[in-house]
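**Student:** Everything in the sequence shown is counted per full-length UniProt numbering, starting at 1 for the first residue and increasing by one. Cβ coordinates follow ideal geometry from the N, Cα and C atoms, glycine included.
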Amino acid sequence: MKTKQQPRRLVLLVDDDIRSARVFVRMLREDGFDVELAHDGAVAIGRLSRAPAPDVLVTDLQLPHADGIAVAKYARSCNPQLPIFVVTGYPQIVAAHAKGFDPEPRIFTKPLDYPTFAMELDRAGT
1 MKTKQQPRRL VLLVDDDIRS ARVFVRMLRE DGFDVELAHD GAVAIGRLSR APAPDVLVTD
61 LQLPHADGIA VAKYARSCNP QLPIFVVTGY PQIVAAHAKG FDPEPRIFTK PLDYPTFAME
121 LDRAGT
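1. Using the Cα positions of K73 and S49, report the straight-line distance between them to the nearest angstrom.
2. Taking the C-alpha atoms as reference points, what is the distance between K110 and V87?
3. For G68, is the classification buried or exposed, using 16 other Cβ atoms within 10 angstroms of its Cβ as the cut-off for buried?
4. To the nearest angstrom, how far is the alpha carbon of K105 from that of L12?
5. Taking 8 Å as the cut-off, decide whether the C-beta atoms of G89 and L63 are in contact.
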């Protein structure tokens with residue numbers, strides 16, 4: 001998706017399913033993104049506390065140690081305009097909590113339609 005002239009954007013991916021996260025990382029890298037992976041919410045929050053800041057946050061909802069909503073809230077406290085994508089099997093829960101976010105996170109339901117997701121991710125923050 002990315003051309004060689006465009007700088008690679010950094011995605012922080014937060015997913016506790018190690019197997020699916022590895023596949024997700026590979027696909028994102030193939031599409032021209034740099035990716036850092038955190039397998040739980042506390043690790044993600046710690047990563048958000050240091051530079052370089054990610055350009056996009058992609059998180060699952062149900063995570064050990066801090067859920068995706070807590071990660072998203074912390075991310076927005078660091079960068080109010082950070083694009084946030086939540087990939088979940090529980091979109092209604094995310095939608096209920098997302099009402100206070102501006103801009104609202106983009107919500108994608110599992111199983112993920114990766115081509116649509118990648119197109120939205122490519123447009124995020126541009």
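**Tutor:** The short version:
1. 13 Å
2. 6 Å
3. When all chains shown are included, G68 counts as buried.
4. Correcting the residue identity first, residue 105 is Pro in this sequence and not Lys. Looking at the two C-alpha atoms, the distance is approximately 14 Å.
5. no
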